[in-house]
Amino acid sequence: MSTQHNFKVKLILSLTVIMFVICFLGGNVWVQGKETITLRYWRHQHKPAVELEQPLIKKFEEQYPNIKVEMFVATSTPDLHEKVLVAFAGGGGPDLFNMEGGKFSQYVSYGLMVPIDLDVFGARTYQEVMEKLATDVAAGLSGWKHEDKYYGLTTEVSCYATAINTQHFKEAGLDSDKDYPITWEKLAEIGQKLVRVERGEIIREAYALTTYPVTFTLVFEGMLRQLGGDVVSPDGKESIINSEAGVKALQTLYDFMYEYKITAVPSQLNLQGPGFETGATSIVTDVGPWYEAYLKDNAPGIYPYLQFKPFPRFEKGKDIGIPNYGYALQVSSNSKYKRESWELAKILVSTAGERKRIGLFVPDEWPWPKEISTGGLGIIPKEINDIVFEAATKTLMDKVNPRETLNAAKKKIDKYLAELPYKIYGYK
Amino acid sequence: MRIKEIQLLFQKIFSQRKLVGFLFVLPGLVFFMIFFFYPVINAIYISFTRWNLFTSKQFVGLGNFVELFQDPDFLQSFKVTGYFSLGTCLLLWITSLSLALLINSNLKFTKLFQIFYFLPSILSLTVVTIVWSYMYRRLGLINMFLKAVFDISSIPWLSSSKYALLSITIMMVWCWAGYYMIIFLAGLRGIPFTLYEAAKIDGANWWHTLIRITFPLLKPTFLFISIVSVMACLQAFAPFLLMTSGGPGSSTRVMTLKIYGDAFFRLRMGRAAAESMILFLIMFIFSLIQIRVFRSEVTY
Chain C
1 MSTQHNFKVK LILSLTVIMF VICFLGGNVW VQGKETITLR YWRHQHKPAV
51 ELEQPLIKKF EEQYPNIKVE MFVATSTPDL HEKVLVAFAG GGGPDLFNME
101 GGKFSQYVSY GLMVPIDLDV FGARTYQEVM EKLATDVAAG LSGWKHEDKY
151 YGLTTEVSCY ATAINTQHFK EAGLDSDKDY PITWEKLAEI GQKLVRVERG
201 EIIREAYALT TYPVTFTLVF EGMLRQLGGD VVSPDGKESI INSEAGVKAL
251 QTLYDFMYEY KITAVPSQLN LQGPGFETGA TSIVTDVGPW YEAYLKDNAP
301 GIYPYLQFKP FPRFEKGKDI GIPNYGYALQ VSSNSKYKRE SWELAKILVS
351 TAGERKRIGL FVPDEWPWPK EISTGGLGII PKEINDIVFE AATKTLMDKV
401 NPRETLNAAK KKIDKYLAEL PYKIYGYK
Chain H
1 MRIKEIQLLF QKIFSQRKLV GFLFVLPGLV FFMIFFFYPV INAIYISFTR
51 WNLFTSKQFV GLGNFVELFQ DPDFLQSFKV TGYFSLGTCL LLWITSLSLA
101 LLINSNLKFT KLFQIFYFLP SILSLTVVTI VWSYMYRRLG LINMFLKAVF
151 DISSIPWLSS SKYALLSITI MMVWCWAGYY MIIFLAGLRG IPFTLYEAAK
201 IDGANWWHTL IRITFPLLKP TFLFISIVSV MACLQAFAPF LLMTSGGPGS
251 STRVMTLKIY GDAFFRLRMG RAAAESMILF LIMFIFSLIQ IRVFRSEVTY
């Protein structure tokens, strides 16, 4: 009986040990047994861009039969940022990822990416790489430079402009070619003709304000720069958001809601381009050239009435548009297959023309060339976006004096900048 | 000689029945140690360090805790969490107990109402949040109803700091009341009917039986509900992230949202861990207080 019992105990113990060995080592044995390489490529959701890249990945896999590409599409850029950071901290993460410029300073200062592999392009210098790339891709490369090395291959360089619904203009007796909001003052004037009110409620907004912190800050930054101000001083050391320019810009937006009543008080935060695609808004200023393909897919009824116009200016302000932003393919310093990742990146940026067609690079038609050339670089990190948006919502939703909220925002931004362990690129 | 001794020891160990039991428990124990115990210990350690995921951890002692209590953003999130938990729990207890009393009163169609009230609690909180976000919109169902019936202008439910926290509270009460109603109902049905009969014979009215019989005998149920609901409120995260992201301003930035932002966007892991420790301490203290307050010697 005792021998039988001992045998059972030993059997159970042996099986347990075998089970653990299989669990912990099995996976590795399986991976090492195969000869194929798996490249992990992560990007954010944008249907036209994903559809453009899928056949390119297939082409790459055909070209390199021993490489398999696993594409992961995150729901949004912040979602991608969060996943990439957590994965990197654990020593894993993607081999190749497509990230926006606002994160570049942070990523490069923590050593998360490697510079472009010159060999992949058969080049000896970055200048030679640029010559081999399409103009749009090469032009955006400067945004990914750190200590004389380039870390990203540009997949998108964009800026916002004004989108108007021509049908709404027609209904209001306005000519969309002449009466578009060339200035903020003009927007207030035509807005009062465009807005539709029923029983005291705005049922169609003339101008909808973005309630998404990142896009709101881009719009607000554009307004500030037109008035000679900015969110952060040129040396990047302190915030100047509470200048007269800041107060005037925020007061302008406040007046749209409460003085001219052309913008409804938003009912929910974190919405981009609110209402335009449903026909509930006539004008928005937080959409780029990519919006055309998006609208065609998602709101075919509104799409024929979409027209892009320049971002409004102030009557006595500078003639500049909204800050530019961009995305680039970057290779992780954790990757075992850096060269293969750059090979994949090279193929993904090979269709700059197609990217331009779907609005990822700014089109050659008016108003885009001027808007992109005057807008300057948008380099504000997310944390500052959140502070700016918090201040703005206090004024716009809770009716707190703009000077008061911007003074509080300046203090918070200054504290953030003082504690920041790295330098934000773009500032001297 | 030495080898023989080891063999004997080996046999002795393997002949013990306790070891067999231990082996069966081992996988669960390993799982618990890796995924629960280690993270908790690690979080305590991280709370005493400055760490951004990519640099080495720098020990700062109580530095993070001192900074937190001087940080107006943290104090604001502490306050918001307090208001939300207090408001939601009170409303929740009153609503769910009232519903349970109604269902328990043998009125017509009580079974049907019981199902209706319970239904929201089986829905995913994310789904509920999204649906309510639409209902709270400027031209959404709630504003349209208020306009049509009371001629009230649209209320910025989620974009004004006056209403945002209240809006989330209302949604949470709607979502959770059915679940707590069922627990109260179980408690109510556990009270012997003879006690009510005796009270009736003694001339007690509805209010007297409620105060003198129902409430005292519901103490164990209250204890469970109060602990579970306070924990749930203190840990609430998804509705705040999806509905307001802590805004407008910082009027709905609860502690969980602050921890998330500090950890994954500001990469201040030490500070986030310290905030988590404080949240844990609050929950622990609340649970102790509740156990003491609702301690019941009643057996029936």
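Chain order of the listed sequences is C and H. Going by the numbering used here, the first residue of the first sequence is number 1, and it counts up by one from there. Going by the numbering used here, the first residue of the second sequence is number 1, and it counts up by one from there. Even for Gly, the Cβ is constructed at its ideal location relative to N, Cα and C. Predicted, not measured: the structure shown is a model, and the values here were computed from it.
Where residue i sits in the DSSP three-state scheme
{"i": "I442 (chain C)", "result": "Outside the modelled stretch of chain C, which goes from 1 to 428, sits residue 442 (chain C), for which no answer is possible."}
{"i": "V284 (chain C)", "result": "strand"}
{"i": "V29 (chain C)", "result": "Reliability of the predicted coordinates at V29 (chain C) is poor, the pLDDT of 41 falling under 50, and no value is obtained from them."}
{"i": "E315 (chain C)", "result": "coil"}
{"i": "V232 (chain C)", "result": "strand"}
{"i": "Q268 (chain C)", "result": "coil"}
{"i": "E156 (chain C)", "result": "strand"}
{"i": "M99 (chain C)", "result": "strand"}
{"i": "Y291 (chain C)", "result": "helix"}
{"i": "T183 (chain C)", "result": "strand"}
{"i": "Y260 (chain C)", "result": "coil"}
{"i": "N205 (chain H)", "result": "coil"}
{"i": "N298 (chain C)", "result": "helix"}
{"i": "V114 (chain C)", "result": "strand"}
{"i": "K336 (chain C)", "result": "coil"}
{"i": "Y45 (chain H)", "result": "helix"}
{"i": "Y136 (chain H)", "result": "coil"}
{"i": "E198 (chain C)", "result": "strand"}
{"i": "K370 (chain C)", "result": "helix"}
{"i": "M1 (chain C)", "result": "Because M1 (chain C) sits at a pLDDT of 47, beneath the cut-off of 50, its placement in the model cannot be relied upon, and the following sentence gives the value as read from the coordinates. In the structure shown, M1 (chain C) sits in coil (DSSP, three-state: anything other than H, G, I, E or B)."}
{"i": "F54 (chain H)", "result": "coil"}
{"i": "L158 (chain H)", "result": "coil"}
Own chain partners of residue i with C-beta closer than 8 angstroms, once the 5 adjacent residues on each side are dropped
{"i": "L52 (chain C)", "result": "T351, E354, R355, I358"}
{"i": "I320 (chain C)", "result": "G222, R225, Q226, R313, T374, G375, G376"}
{"i": "W209 (chain H)", "result": "The amino acid at residue 209 (chain H) is misidentified as Trp; the sequence shows Thr. So the qualifying residues of the chain are Y196, A199, K200."}
Limits of the unbroken beta strand (DSSP E) element including residue i
{"i": "A328 (chain C)", "result": "325-332"}
{"i": "V69 (chain C)", "result": "67-74"}
{"i": "F109 (chain H)", "result": "Counting along the chain, F109 (chain H) falls outside any beta strand (DSSP E), and DSSP gives it neither H nor E."}
{"i": "H442 (chain C)", "result": "In the structure as shown, chain C begins at 1 and stops at 428. Residue 442 (chain C) is therefore absent and cannot be evaluated."}
{"i": "E201 (chain C)", "result": "201-207"}
{"i": "F308 (chain C)", "result": "306-309"}
{"i": "I164 (chain C)", "result": "161-165"}
Chain-ordered neighbours of residue i on chain C, where CB pairs are closer than 8 angstroms
{"i": "N52 (chain H)", "result": "Y110, P421"}
{"i": "Y136 (chain H)", "result": "S267, Q268"}
{"i": "S156 (chain H)", "result": "Per the sequence presented here, residue 156 (chain H) reads as Pro, with Ser not at that position. Under the 8 angstroms cutoff, chain C gives V265, P266, S267, M397."}
Neighbourhood of residue i by C-beta distance below 7 angstroms, restricted to the same chain and skipping five residues each side
{"i": "K394 (chain C)", "result": "V400, T405"}
{"i": "V69 (chain C)", "result": "L39, Y41, I57, F60, E61, L344"}
{"i": "E277 (chain C)", "result": "L295, N298, A299, I302"}
{"i": "Q32 (chain C)", "result": "Residue placement at Q32 (chain C) cannot be trusted, given a pLDDT of 45 that sits under 50; what the coordinates show is reported in the next sentence. Hits under 7 angstroms: none found."}
{"i": "W342 (chain C)", "result": "I116, D117, V120, V331"}
{"i": "G378 (chain C)", "result": "L218, E221, P323, N324, Y325"}
{"i": "T77 (chain C)", "result": "H44, E100"}
Residue interval of the alpha helix (DSSP H) (run including residue i)
{"i": "M350 (chain H)", "result": "It is not possible to answer for residue 350 (chain H), since the shown part of chain H is limited to 1 through 300."}
{"i": "Q290 (chain H)", "result": "269-293"}
{"i": "I182 (chain H)", "result": "164-189"}
{"i": "G261 (chain H)", "result": "255-264"}
{"i": "R355 (chain C)", "result": "352-357"}
{"i": "Q127 (chain C)", "result": "126-132"}
{"i": "Q70 (chain H)", "result": "First-last for Q70 (chain H): undefined, no H or E at that position."}
Sequence-distant residues of its chain with Cβ nearer than 6 angstroms to residue i (five each side left out)
{"i": "G143 (chain C)", "result": "G101, G326"}
{"i": "F294 (chain H)", "result": "K219, F222, L223"}
{"i": "L279 (chain H)", "result": "M255"}
{"i": "V214 (chain C)", "result": "N385"}
{"i": "F74 (chain H)", "result": "L68"}
Assigned exposure category for residue i - 16 Cβ within 10 Å defines buried
{"i": "F216 (chain H)", "result": "The sequence given here has Pro at residue 216 (chain H), not Phe. Exposed, since its Cβ has fewer than 16 Cβ neighbours within 10 Å."}
{"i": "V40 (chain H)", "result": "exposed"}
{"i": "G27 (chain C)", "result": "With a pLDDT of 44 at G27 (chain C), under the threshold of 50, the modelled position of this residue cannot be trusted, and the question is left open."}
{"i": "S160 (chain H)", "result": "buried"}
{"i": "L123 (chain H)", "result": "exposed"}
{"i": "Q106 (chain C)", "result": "buried"}
Chain-ordered neighbours of residue i on chain H, where CB pairs are closer than 8 angstroms
{"i": "G200 (chain C)", "result": "S153"}
{"i": "T38 (chain C)", "result": "Within chain H, no residue comes near T38 (chain C); the closest Cβ sits about 25 angstroms away, beyond 8 angstroms."}
Chain-ordered neighbours of residue i on chain C, where CB pairs are closer than 9 angstroms
{"i": "K147 (chain H)", "result": "R199, G200, E201"}
{"i": "T244 (chain H)", "result": "Q268, L269, N270"}
Neighbour list for residue i in chain C, Cβ cutoff strictly below 7 angstroms
{"i": "R266 (chain H)", "result": "E383"}
Amino acids of chain H, ordered along the chain, whose beta-carbon sits closer than 7 angstroms to that of residue i
{"i": "E390 (chain C)", "result": "G247, G249, S250"}
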